[in-house]
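Peer 1:
Residue numbers (our numbering), protein chains in the order written: chain A, 2 to 356; chain B, 760 to 1083; chain C, 289 to 845.
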């Protein structure tokens, strides 16, 4: 229940974990791996799926195939996926679709409403820039931010969580105290300080010259990884007691091999679902950051800063807020629906198979 | 249990110290309370130096942190740099306002979310369930500041068109708030929109959570057993399932409550409420380093504290969990 | 938990609210009449305007109705005597104040006491006291001696002429000596405007701040001073509501929650001009936006190309100031007819305004020619190299600094960036939160966009455009700009008491400055005084006085 927040996550190792639509996830010592637990959560429980359930042992690959088929049958998720891909393609090919550059100023044609003349489908803004083009480029920027945040925070969170959960002991303690530390920091303060520290503009890493969207993404990722870390730790705490892990240990497999070859693949479901949450959260938080003046800086267009800039004019120039606003709502809803579908398809607690 | 609480508290002390030092370093190097004064042409440089000396602004960061820790423990977080006002009394006043806001929001959220969640679960895949699902996904996708602004415009337009003042859109009270019932009523009229704005996202999230939690319990073995024993469905749902499904939601609510002390910045800015969030933004724009620090510490402690509360409550309610 | 009970509860709440709406509507009309409610977008931290931290805009708007001022600035930029008339003598420079006979201090619940010569002398001694955090001592520091001639007459002798003498002894510089003397001034008027000796509210103006009148975070209430020596206020009460978000203040005035707002002019306020029951007065404010070039000040890093006059001129020609002003203010209908500003210091609306910068109209060809003659290669003719000039190995790419979070400057930057791109000059956004507090004084910028506050008193500008030297001359020149003629003229203007000659000297300095273009003025920020038509007597004062300068004449229908 916050305005600028990390994605929903547990506050403590023993608390239940939630995703946006409220599925309970692993928590602390009591991961829900109830074999044979009945579920009504998957609406499209098909014959083939039921047939599977009677099977005893499944290979990893067939598990994935199984998940895929379940996902494809999730109509809402599939519809969302199609819409999302269409929107993202528009963003990716903004340069080809848009009639104007995102920063082409036309001071003779400012604050024009949506019209088909001169292809100003979404109108123009205070400097006469074509808003359709800006929204398209905005999709691109926001998607980059969201993608980068989800990848980075997932990698970071998975590493921290898996090492803490697998090794336990002092390493677990240290890593989890560090996670606590990040969690006690009010997100707003961190964002603010980080924005001030990293400055504006680009990150120059010698060979790599990254745009400012990566700066914002980096800040968000540094806040968002804690949730995934806790999920993964919880899963690992329980997985390491499993027979197959014991067996791998007994046969002399290295720790790293056990983590990445045996335990991680069995944790992918919750991790992927969490990634979708982080992605949706990143897009919304970028808009809140822009409202506070610390987001992506103009003239670069991002969906969040378009809303924040147009917000003050919404009584007269409604199109400045409505179009990017709707785009955000559509994207975030699609991602959430996809996450929903993925959860149904991937959540290990819903697979009635012997792990 | 007691040792668990003590251990958790002991753990959080070094965490708070480390984070306070990190924050202090960042905040102190990025804020300057004297910015406005320095920009003034022909400013009296001696006076600037006086203020700097008085507040140790001319000292190295480590030393300043030392002074700050000393002030925090012995002088209630010290005083503001400009005007030398004691910080703690001001902050407590702001805390009262924020408390009203977040308690109201939390209560509203829980009432609505539980009702919607339980009903959706019981009538799974009904029209009600689907429309609530859609609504909550929508609620989760709307930026807070935008929602606040739209609500303001709607209610001002209603007032201008029909002359009916349903809710106020700014401030905590009228200019003359009155007393007794009038005071209470006008206070409610001022708080309804901010509370709703703050609660929207959580209502959406919590109702989904409650629904899932409820579904899980309904399908659990012991509920099936209860049904099989021939208990009335209503009694099964309300007496057995509902209570157990409530536990995780309560835990989540407790944790969220802790984060809310520092999480109302946008709502308070949009509605002009003199709470913690505004206090932070004002301190930030004024460059009041020590106010920012005090704020961050108080909000961090709230997060830690309510996390602990959540764990302890969960430990009491859920027999499967033992805290050690 | 019974759902039925829940619905019942909701029903009760709704019913209660329905009852309330009618109830509070009648309450609303009952409290009208004698109260003006301001929607202030910023809350003062302290109410002592003399010390550091006390000079926020809304702070001065609260102080001004409570403390008397010797001179008041009128909307036509003229200084008119209010508390005292002055006799001026030269050689040596002497000011003799003749305080109004009837002028008195009022202490709530206490006696009135005359405002006397001792109050002027006390003000001076407090302001010059080294132990107090006095924000500025300009003018006062030149006073060599003071002499009380009689109870209502005081004479100050200066070590050198001070042209800005009418700005001296304003609000809170004439101090009630019976209250202030012997006090630690750093602790006076922090949370109140009381006599620190007995804790009673004190006033020499049309209003006073009663004890408990400031509810921090919410509002500050001033009450009419029943014993005011001048024309008494017609309103009984002035309330300042603190609403930080401009959107909120705009909605609040539409919804009749406040009567007067004084926001930064923005696009979304324009519809208010056509809203029934609301009136908007647009003024040409004293704040002028400009860009400054770093010509080698500080440790950098900065682009050395800006030391080259031709590059600076090319930028000045490359920018289309008219188009920027038009886009920001004219076409948006925010302030139709706002002109481009062609001089710093002396602003449009002043009859001595000459407009030296008017030659710098948009001229892309000239800008390109200037870059070529500066020995630069590449440019817009060679898009392969990015279309940016390279001059003696240095790219014509400049870090453009402004303080983060200012949308107006963001838009100005974006317009300039696009315009200069066409002439092969690259601007890179470099806004930071500390742009003005750290980057500017340290010279850490190439080009910086910010504003100075102009004044009807045009002395003191040598501090900004003079030659920086030692530790007390031109300390606010952060550009590395130095021209001996400009420096000399501006210094002399400070001591020139004949206004016509003072303006002539300043204009001569500007005529010299425009040849070197260390700065390019853009426009004066318009001011917006927005009020409900139930308020009468308001008159926008675009000087730094703000809207309350004539508050004692206001009435409310």
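Yeah, the Cβ is synthetic: ideal placement off N, Cα and C, and Gly gets one too.
Let me know the alpha helix (DSSP H) ranges lying completely inside the region 441-505 of chain C, each 4 residues or longer, listed in chain order.
Peer 2: If we require 4 residues or more, the alpha helix (DSSP H) runs fully inside the region 441-505 of chain C come out as 465-468.
Peer 1: Can you tell me which of the three DSSP states residue 382 (chain C) falls into?
Peer 2: Of the three classes helix, strand and coil, the one that applies to residue 382 (chain C) here is strand, per DSSP.
Peer 1: Thinking residue 388 (chain C) and residue 502 (chain C) are a contact (beta carbons under 8 angstroms), I'd like their distance in whole angstroms, please.
Peer 2: Contact flag wrong, Cβ pair sits at about 29 angstroms.
Peer 1: Is the shortest distance between the beta-carbon of residue 680 (chain C) and the beta-carbons of chain B less than 9 angstroms?
Peer 2: By this cut-off, residue 680 (chain C) is not an interface position.
Peer 1: Spatial neighbours of residue 176 (chain A) within its chain, please: C-beta separation below 7 angstroms, excluding the five flanking residues on both sides.
Peer 2: Around residue 176 (chain A): 161, 164, 165.
Peer 1: Could you pull out every residue in the same chain whose Cβ sits closer than 8 angstroms to the Cβ of residue 1051 (chain B), ignoring the five residues on either side in sequence?
Peer 2: These residues qualify, in order along the chain: 786, 790, 1039, 1042, 1043.
Peer 1: State the DSSP-derived secondary structure class of residue 798 (chain B), mapped to helix, strand or coil.
Peer 2: It is helical.
Peer 1: Which runs of the beta strand (DSSP E) spanning at least 3 residues fall entirely within the region 909-946 of chain B, listed in chain order?
Peer 2: Entirely contained in the region 909-946 of chain B, not one beta strand (DSSP E) run reaches 3 residues.
Peer 1: Just the chain B side, please: which residues come within less than 8 angstroms of residue 535 (chain C) by C-beta, in chain order?
Peer 2: Within chain B, the residues near residue 535 (chain C) are 908, 911, 1029.
Peer 1: Taking a contact to mean a Cβ-Cβ separation below 9 angstroms, would you say residue 977 (chain B) touches residue 996 (chain B) in this structure?
Peer 2: Against a cut-off of 9 angstroms, the Cβ pair of residue 996 (chain B) and residue 977 (chain B) comes out as a contact.
Peer 1: So is residue 433 (chain C) buried or exposed if we call it buried at 16+ other beta carbons inside 10 Å?
Peer 2: Flag for residue 433 (chain C) reads exposed.
Peer 1: For residue 48 (chain A), which three-state DSSP category applies?
Peer 2: Since pLDDT at residue 48 (chain A) reaches only 37, below the 50 mark, its modelled position is unreliable, and no value is offered.
Peer 1: Does the beta carbon of residue 247 (chain A) sit closer than 9 angstroms to a beta carbon anywhere in chain C?
Peer 2: No, its Cβ sits nowhere closer than 9 angstroms to a Cβ of chain C.
Peer 1: Does the beta carbon of residue 128 (chain A) come closer than 9 angstroms to any beta carbon on chain C?
Peer 2: Yes, because at least one Cβ of chain C sits closer than 9 angstroms to the Cβ of residue 128 (chain A).
Peer 1: In terms of residues, what are the limits of the beta strand (DSSP E) holding residue 310 (chain A)?
Peer 2: Taken as a continuous stretch (DSSP letters only), residue 310 (chain A) belongs to no beta strand (DSSP E), being part of the alpha helix (DSSP H) at 304-311.
Peer 1: First and last residue of the beta strand (DSSP E) that includes residue 829 (chain B)?
Peer 2: Per DSSP, residue 829 (chain B) belongs to no beta strand (DSSP E); it is in the alpha helix (DSSP H), 820-833.
Peer 1: Does the beta carbon of residue 901 (chain B) sit closer than 9 angstroms to a beta carbon anywhere in chain A?
Peer 2: Answer yes: the Cβ-Cβ gap between residue 901 (chain B) and chain A drops below 9 angstroms somewhere.
Peer 1: Which residues, in order along the region 838-857 of chain B, keep a beta-carbon less than 9 angstroms from a beta-carbon of chain C?
Peer 2: Within the region 838-857 of chain B, the residues whose Cβ lies closer than 9 angstroms to some Cβ of chain C are 839, 840, 841, 842, 843, 844, 849, 852, 853, 856, listed in chain order.
Peer 1: Could you check whether residue 473 (chain C) and residue 414 (chain C) sit closer than 9 angstroms to each other, using their CB atoms as the reference points?
Peer 2: Yes, Cβ-Cβ distance for residue 414 (chain C) and residue 473 (chain C) is below 9 angstroms.
Peer 1: Would you kindly report the start and end of the unbroken beta strand (DSSP E) that includes residue 790 (chain C)?
Peer 2: Run containing residue 790 (chain C): none in the beta strand (DSSP E); it sits in the alpha helix (DSSP H), 787-804.
Peer 1: Among the candidates C:714, C:349, C:449, C:811, whose CA atom is the shortest distance from the CA of residue 610 (chain C)?
Peer 2: Comparing Cα positions, the closest option is C:811.
Peer 1: Taking the continuous beta strand (DSSP E) assigned at residue 91 (chain A), which residues delimit it?
Peer 2: That residue, residue 91 (chain A), is in no beta strand (DSSP E); its alpha helix (DSSP H) goes 76-93.
Peer 1: For the candidate residues C:841, C:829, C:839, whose alpha-carbon lies nearest to that of residue 366 (chain C)?
Peer 2: Residue 366 (chain C) has its Cα closest to that of C:829, out of C:841, C:829, C:839.
Peer 1: DSSP on residue 1050 (chain B), reduced to helix/strand/coil?
Peer 2: Helix, per DSSP.
Peer 1: Does the beta-carbon distance from residue 974 (chain B) to residue 949 (chain B) come in below 9 angstroms?
Peer 2: Cβ atoms of residue 974 (chain B) and residue 949 (chain B): not closer than 9 angstroms.
Peer 1: Return the Cβ separation of residue 1071 (chain B) and residue 178 (chain A) in integer angstroms, given the expectation that the two are a contact with Cβ distance under 8 angstroms.
Peer 2: Not really, about 19 angstroms apart at Cβ, beyond 8 angstroms.
Peer 1: Could you name the residues of the same chain whose beta carbon sits closer than 7 angstroms to that of residue 603 (chain C), not counting the 5 residues immediately before and after it, in chain order?
Peer 2: Taken in chain order, the residues that qualify are 708, 713.
Peer 1: From the DSSP secondary-structure annotation, give me the bridge partner or partners of residue 578 (chain C).
Peer 2: C:738, C:809, per the DSSP bridge assignment.
Peer 1: For residue 354 (chain C), tell me which candidate among C:326, C:513, C:486 has the shortest Cα-Cα distance.
Peer 2: If we check each option's Cα against that of residue 354 (chain C), C:513 comes out closest.
Peer 1: Does the beta-carbon of residue 303 (chain A) have 16 or more other beta-carbons within 10 angstroms, so that it is buried, or is it exposed?
Peer 2: When all chains shown are included, residue 303 (chain A) counts as buried.
Peer 1: Show which residues of chain B have a CB atom less than 8 angstroms away from the CB atom of residue 751 (chain C).
Peer 2: The answer, in chain order, is 800, 801.
Peer 1: Which full runs of the beta strand (DSSP E) of 3+ residues lie inside the region 641-707 of chain C, going along the chain?
Peer 2: Qualifying beta strand (DSSP E) stretches, in chain order: 664-666, 677-679, 685-689.
Peer 1: From residue 345 (chain A) to residue 823 (chain B), what distance separates their C-alpha atoms?
Peer 2: Going by the C-alpha atoms only, they are around 53 angstroms apart.
Peer 1: Using a Cβ-Cβ distance under 9 angstroms, would residue 264 (chain A) count as near chain B?
Peer 2: Output row for residue 264 (chain A): interface = no.
Peer 1: Work out the CA separation of residue 526 (chain C) and residue 792 (chain B) for me, nearest whole Å.
Peer 2: For residue 792 (chain B) and residue 526 (chain C), the distance between alpha carbons rounds to 29 angstroms.
Peer 1: Any idea what DSSP makes of residue 829 (chain C), helix, strand or coil?
Peer 2: Residue 829 (chain C) falls in the coil class under three-state DSSP.
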